Amino acid sequence: MSAEFIINDDIQVNLEESEIHHFKTGRTYPIGSNESELLKFFISRPNEVITRQVLIEQVWVSKGIYVEDGSLMQTISICRKALEDKRGIIIVTERGKGYRFAGQVTQDKERALRIIQSQPIQETKQPEDNTAPERSPTAAKKKTISVLALIVLFVVTAGLSHYLFSYLDRNSLGEDLVGQHFISCKIESDEFTFNELFNVTLYEYKGRKIIIDNSGKSLSFPSEFKGVTCE
C-alpha cells in the first residue's frame, strides 16, 4: 500500500514522513504513529462504517497494546485537527455504530495541483487574503476569550453541582431526586478535559442529570442528552 495519498484534491497525507500537508493554505501538521495507522486503515476502507472495537484492534491490539475508547477518541481528534475537519465531514461519526471515512482519495498529486492552480477564485480573492494577517490577531484574541469563558462556565457549573449535592438536605427534595451508582461514565465529546469518570453517582432532578465521581469532579446535562454512557 502506498504511503502517500491526496484527500479531496487538497490534503496530502504522507504516512512515510508522518505529516499532513494542505496545498491551498500551505499548512503542515505532524502526526504520530497511531494517527498514521488509523488513517491508513480508514483509507483502505472508504465509506465503510467501522466499529470502535475494530479500530482499536487494528491500531493498538495488533501491536500488543490494550487501550480503552478514550485513546481512540483522542487519536481521531488529532487526525481531524490535522485534516482541518472541524465539522467531521471527512472522518464521520456514525452515532452508536462507529466511524466512516468519507474523503475522496487519490494518488494523483499532479492532478490535485492542476485543479488548485486552475481555480480562478484564488485570483479574485487575493486582495482579501492580503488583509487576513491584520485581522488574525483580533480573531485569535476573540477565540481565546471564548475558550476562557467556556472554561470558567464549566468550572463554575461543576463547583455548584458538587456543592449542591454535598450540602443540600436530600430529604427536602423528596421523590424528585433519584440517585444511582455506576462504576464509570463515558462522555462522548471533545468539549471537556476528561472523557470518563469512575465510581460515579448519578442524580436526576427536574429534567437534568448530574454525575459526580469520588473525587468531586462533576458534570451537569439535560436528561435527553445521549452523549453520556454509564455502566
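Going left to right, the sequence shown walks through residues 1 to 231 as the UniProt record's numbering numbers them.
Note that the Cβ used here is the ideal one computed from N, Cα and C, for glycine as well.
This structure is a prediction, so every number in the text was calculated from the model and none was measured.
The alpha-carbon of ASP213 is positioned some 4 Å away from that of VAL200.
Along the region 12-56, the beta strand (DSSP E) occurs as fully enclosed runs of 3 or more residues at 19-22, 28-30, listed in sequence order.
With respect to the 8 Å criterion, ASP10 and ILE116 are classified as neighbours on the basis of their beta carbons. Contact between ILE7 and VAL105 holds: CB atoms are separated by about 6 Å, below the 8 Å threshold.
With contacts defined as CB atoms closer than 8 Å, CYS185 and ILE210 fail to qualify as a contacting pair.
Per DSSP, the beta-bridge partners of SER218 are ILE212. The three-state secondary structure of GLU68, taken from DSSP, is coil. Rounded to the nearest whole angstrom, the CA to CA distance from GLY179 to TYR99 is 33 Å.
For the pair ILE56 and LEU72, the CB atoms are nearer than the 8 Å cut-off.
Cβ contact annotation for ASN47 (same chain, cutoff 8 Å, sequence separation greater than five): ARG100, PHE101, ALA102, in chain order. With respect to the 8 Å criterion, GLY207 and SER223 are classified as neighbours on the basis of their beta carbons.
Annotation: SER62 to ILE78 spans about 21 Å, alpha carbon to alpha carbon.
Between the beta-carbon of GLN107 and that of GLU4 there is about 7 Å, and that keeps the pair under the 8 Å contact cut. In this chain, ASN8 is not harboured by any beta strand (DSSP E), its DSSP state being neither H nor E. LYS81 is the residue among LYS81, GLU196, GLU204 whose C-alpha sits nearest the C-alpha of PRO30. It is roughly 40 Å from the alpha-carbon of TYR203 to the alpha-carbon of PHE41. Residue pairing of GLU94 in beta bridges, as defined by DSSP: GLY98.
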